[in-house]
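Colleague:
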Amino acid sequence: MYAKIIIDISIESLDHPFTYHIPERLFSKCHPGCKVSIPFGKSDRIINGYIVELAESADIEGVTIKDIADVVVEQSAVENKLIELAAYIKNRYGSTMNAALRTVLPLKRAYKPKEKKTIEAIADKEVLTDAYSQAVRKKQFAKMRLLKELLEESVLDHNLVTGKLNVSAATIRSLQSMGLIRVVSENYFRNPVVCSKSREKDIVLNDVQKSIVDDFVHDLNENISKTYLLHGITGSGKTITYISLIKEVVARGKQVIVLIPEIALTYQTLKRFYHYFGERVSVLNSALSAGEKYDQCERAKRGEIDVIIGPRSALFTPFQNLGLIVIDEEHENTYKSESMPKYHAREVAEKLAELHGASLVLGSATPSVESYYKAKTGLYKLWIMDKRASGLNLAKTTVIDMRRELNDGNKSIFSRRLKDAIRDRLDKDEQVMLFLNRRGYAGFVSCRSCGVVMRCPHCDVSLSEHLSTGKLVCHYCGYEEIRPKLCPKCGSKYLLGFKAGTEQIELETKKLFPDARVSRLDADTTKNKGSLERILDDFSQKKSNILIGTQMIVKGHDFADVTLVGIIAADMSLALNDYRAGERTFQLITQASGRAGRSDKEGETIIQTYQPDHYAIIHAAAQDYEAFYNEEIMYRDLGGYPPIKDIMAVLTTSKNKELAYKTCENMAEYVKKLGLKVEVIGPAKAGIGRISDTYRFLFYIKSDDKEAVIKCKDRLEEGLNTGKDLQVFFDLNPMNPV
Ligand code: ADP
Ligand code: ZN
Ligand code: ZN
């Protein structure tokens, strides 16, 4: 047997597997993920490495293959699994092993545990009373204060004693030496979950929910682990269903990871879980300090936590005995990492579940086409919840053709229908959400006289106008400049912005409804910590009654008085040059309309569009996922897109344009000559050809055989010679245009 081994040092040129022979005595101990010591280089210096793969044959010629020296037994089984997972990530998504290890392993640096100190009386009451009288006689006021307190309460918080009671360290020492008290210090791990039990009434599962739980329990009892896709419309009660599944797994002594998009991880969500799992649930997200994160991993290792909730990275919680992974809103883009390694949490979760023999539950009101395809072809088990738990209907939906509005002379961004509906809700003291699918000023500023477009000097993109600051901003590199009044080229005063951003809608709304209390939620208004929560709080307390926003407002928030959702420009996501555009539009409209009518009041959604005949808009308006999916999968099949085929984007970047292009071209040629069953598309300039003065070229490798795509990437990686002036990135099935 042979092993492919990654060397445990941070030198990129060594970051590819070396083949070693496994001596017979080590046979049983060697497996992917395990740490071994090996002779390396001419001097056969002994260094450490990780096994990433086992193989029957060596697969290389003309070199002598050395033996593995030994297996280094210092890691736990948990770490072994995580390292194996890192190897999987490296292999599948293309990155260095070091980057993959950094992604999966908990912080290496140990943080000092927090200390809690108390002062305890150890003498009995009489002795203390004597000491107290003595202190009174001697007028030792600090001693008096402390002893008096201890006579009432035998254990005191150290901070209280030194703080409020104003007792010095010398006084404490003196009482200690008299044998009256002792100072006890105890280490504890930070627990970021501070909750009171919610007032949630215990819910009795309805028949659909119950049959899902029964199905799951049946599989659990038979030791069958698989992937389930829960397709449940908004309000069908997915969360309570997850909780019921989790309870079953926890009752069997196993742990659970719950992934939710960061933005949906609210205090409300946490409270619901706390209600059922108390101290044994924790969170892991970017709001925690490094120390808090470290402590959650420690608590998990020690078995103090049963359930962890968090975004993507919570997947790497070091649980001993993982039984279930739940991914809520599984269609969300944020599950795909946008930095190297560009892994998809759904796929990595599948691998992790396999390593632990755990189950995986994916849930969504609008499943990703990938997952639904797998459910349809029998790889996943499909569960369906198509009724709201409350028995209420979904919001009524109307599609407005904005071309007709314009024909009828309405130049406003609001259709007449939406305007009337907003007026009506304001009069009834109900609330409105207006949703726009982009932030800031949607687009560019151009001269209507000579046609010049204001562009970023460092990137191949146009600058966006920000009304509140009067600046032109590049969303890619952060470049800013003052918005000129006159055209810098021809001097005309017709330098105008393309108006459709959230800021513009806010202005229009205030103008049309001066009595409304309007607030705006987008990336610009939520830059400061806590501002997101504040805006949402204000809205839930009805301090504002119209909330305007981007994607951020469509997720997870329940506002009982919202009875109208307006989708201002539903087509904006269709304009993108992206095969996922239809899917994204369908998801956004569905999620946004799910916000209307969450309580007993009837809800309405108004969709404004210039493409009322687009299938994504028609099916979203009819709230018909199945019909959308059937049309979408046909289109994916025709175009050869995922999930029918796999696509690997290979991006080359350099400040040197020639070098970037040549490298890209050479790699594309190389792949063509490999003779594998793949298609090569490109090379071409990337969607954005230049960012921060760095040039970007790309080509695609496409095939219905995923392994062939991965093999191409492996072969390219072997020959890579990247460094500071040239970089190559791989992106398997990109979520966003590269
Ligand atoms: P989803 O996540 O599918 O949008 P939630 O889990 O938030 O839905 O549930 C929507 C609402 O329905 C919640 O207020 C929840 O308490 C309620 N609910 C869910 N299941 C039941 C049930 N079986 N009986 C009564 N109310 C339920
Ligand atoms: Zn001009
Ligand atoms: Zn720029």
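Last residue of the sequence shown? That's 1720 in my numbering, and every number before it is there in order.
A virtual CB, placed ideally from N, CA and C, is assigned to each residue, including glycine.
These numbers come from a predicted model, not from an experiment.
So, for Glu1314: in the same chain, excluding its five sequence neighbours on each side, which residues have a beta-carbon less than 6 Å away from its beta-carbon?
Modeller: Pro1243
Colleague: Can you tell me which of Val1054, Lys1099 and Leu1036 puts its alpha carbon nearest to the alpha carbon of Tyr1070?
Modeller: Of Val1054, Lys1099 and Leu1036, the residue nearest in Cα terms is Leu1036.
Colleague: Is the beta carbon of Ile1222 within less than 8 Å of some heavy atom of ligand 3?
Modeller: no
Colleague: How about Lys1695 and Gly1622: do their beta carbons lie closer than 9 Å?
Modeller: no
Colleague: Does the segment 1389 to 1397 come within contact of the segment 1519 to 1526, defined as at least 3 CB pairs closer than 8 Å?
Modeller: no
Colleague: Please classify Gly1422 as buried or exposed, where buried requires at least 16 other C-beta atoms within 10 Å of its C-beta.
Modeller: Low per-residue confidence applies at Gly1422: pLDDT is 39, beneath 50, and the placement is therefore not dependable, though the value from the model is reported in the following sentence. By the C-beta density criterion, Gly1422 is buried, having at least 16 other C-beta atoms within 10 angstroms.
Colleague: Rounding to the nearest angstrom, what Cα-Cα distance links Asp1383 and Ala1551 in this structure?
Modeller: 11 Å
Colleague: Considering only heavy atoms of ligand 1, does any lie closer than 8 Å to the CB of Gly1576?
Modeller: yes
Colleague: Does the distance between the C-beta of Thr1379 and the nearest non-hydrogen atom of ligand 1 fall short of 8 Å?
Modeller: no
Colleague: Quick check: does the Cβ of Val1443 come within less than 8 Å of any heavy atom belonging to ligand 3?
Modeller: yes
Colleague: By how many angstroms is the C-alpha of Leu1656 removed from the C-alpha of Ile987?
Modeller: 24 Å
Colleague: Let's test the definition: count the other Cβ atoms within 10 Å of the Cβ of Lys1318 and tell me whether it reaches 16, buried, or not, exposed.
Modeller: buried
Colleague: Which whole runs of the alpha helix (DSSP H) in the segment 1175 to 1246 are 4 residues long or more, in chain order?
Modeller: 1189 to 1203 and 1220 to 1233
Colleague: Does ligand 3 have even one heavy atom less than 8 Å from the beta-carbon of His1448?
Modeller: no
Colleague: Between which two residues does the beta strand (DSSP E) harbouring Arg1678 extend?
Modeller: Thr1676 to Ser1685
Colleague: In three-state terms, what does DSSP make of Phe1301?
Modeller: It is coil, neither helix nor strand.
Colleague: Given this structure, state the Cα-to-Cα distance separating Thr1634 from Tyr1032, to the nearest angstrom.
Modeller: Going from the Cα of Thr1634 to the Cα of Tyr1032 covers about 28 Å.
Colleague: Below 8 Å, is the gap between the Cβ of Lys1458 and the nearest heavy atom of ligand 3?
Modeller: Per the sequence presented here, residue 1458 reads as Tyr, with Lys not at that position. It does: the Cβ of Tyr1458 is within 8 Å (strictly closer) of some heavy atom of ligand 3.
Colleague: Since I believe Lys1220 is in contact with Gly1345 (beta carbons under 8 Å), could you give me their beta-carbon distance rounded to a whole number of angstroms?
Modeller: 5 Å
Colleague: Tell me the DSSP secondary structure of Gln1523 in three-state form.
Modeller: coil
Colleague: Leaving out the 5 sequence neighbours to the left and right, which residues in its chain are closer than 6 Å to Ala1631 when beta-carbon positions are compared?
Modeller: Leu1680, Tyr1682, Asp1713, Pro1716 and Val1720
Colleague: How do the segment 1318 to 1337 and the segment 1358 to 1372 stand: do at least 3 beta-carbon pairs fall below 8 Å, yes or no?
Modeller: no
Colleague: Does at least one heavy atom of ligand 1 sit under 8 Å from the Cβ of Ser1372?
Modeller: Yes, since a heavy atom of ligand 1 falls inside the 8 Å radius drawn around the Cβ of Ser1372.
Colleague: Does the beta-carbon of Gly1433, which I'm using as the reference point, lie nearer than 8 Å to any heavy atom of ligand 2?
Modeller: yes
Colleague: Does the beta carbon of Leu1728 fall short of 8 Å from some heavy atom of ligand 2?
Modeller: Here the chain covers residues 983 to 1720 and nothing more, so residue 1728 does not appear.
Colleague: In whole angstroms, what is the alpha-carbon distance linking Arg1294 and His1013?
Modeller: Near 27 Å, if we compare the C-alpha coordinates of His1013 and Arg1294.
Colleague: Between the Cα of Arg1566 and those of Phe1541, Tyr1607 and Ala1542, spot the shortest distance and give me the residue it belongs to.
Modeller: Tyr1607
Colleague: Considering only the alpha carbon of each residue, which of Glu1097, Pro1496 and Arg1155 lies closest to His1404?
Modeller: First, the residue type needs correcting, since residue 1404 is Ile and not His in the sequence shown. Comparing Cα-Cα distances from Ile1404 to each of Glu1097, Pro1496 and Arg1155, the minimum goes to Pro1496.
Colleague: For the alpha helix (DSSP H) that His1140 lies in, which residues bound it at each end?
Modeller: His1140 to Thr1144
Colleague: Going by the beta-carbon positions, is the gap between Leu1570 and Gln1533 smaller than 9 Å?
Modeller: yes
Colleague: In this structure, how does DSSP classify Gln1278 when only helix, strand and coil are distinguished?
Modeller: helix
Colleague: Between Asp1540 and ligand 1, is the CB less than 8 Å from at least one heavy atom?
Modeller: yes
Colleague: In this structure, what does DSSP give as the bridge partners for Ser1264?
Modeller: Ile1290
Colleague: Out of Glu1700, Ser1025 and Asn1375, state which residue places its alpha-carbon closest to the alpha-carbon of Ser1575.
Modeller: Asn1375
Colleague: I'd like the span of the beta strand (DSSP E) that includes Asn1173, first residue to last.
Modeller: In the DSSP assignment, Asn1173 falls outside any beta strand (DSSP E) and carries neither an H nor an E.
Colleague: Return the residue from the list Lys1654, Asp1310, Met1436 and Ser1444 that minimises the CA-CA distance to Gly1214.
Modeller: Asp1310
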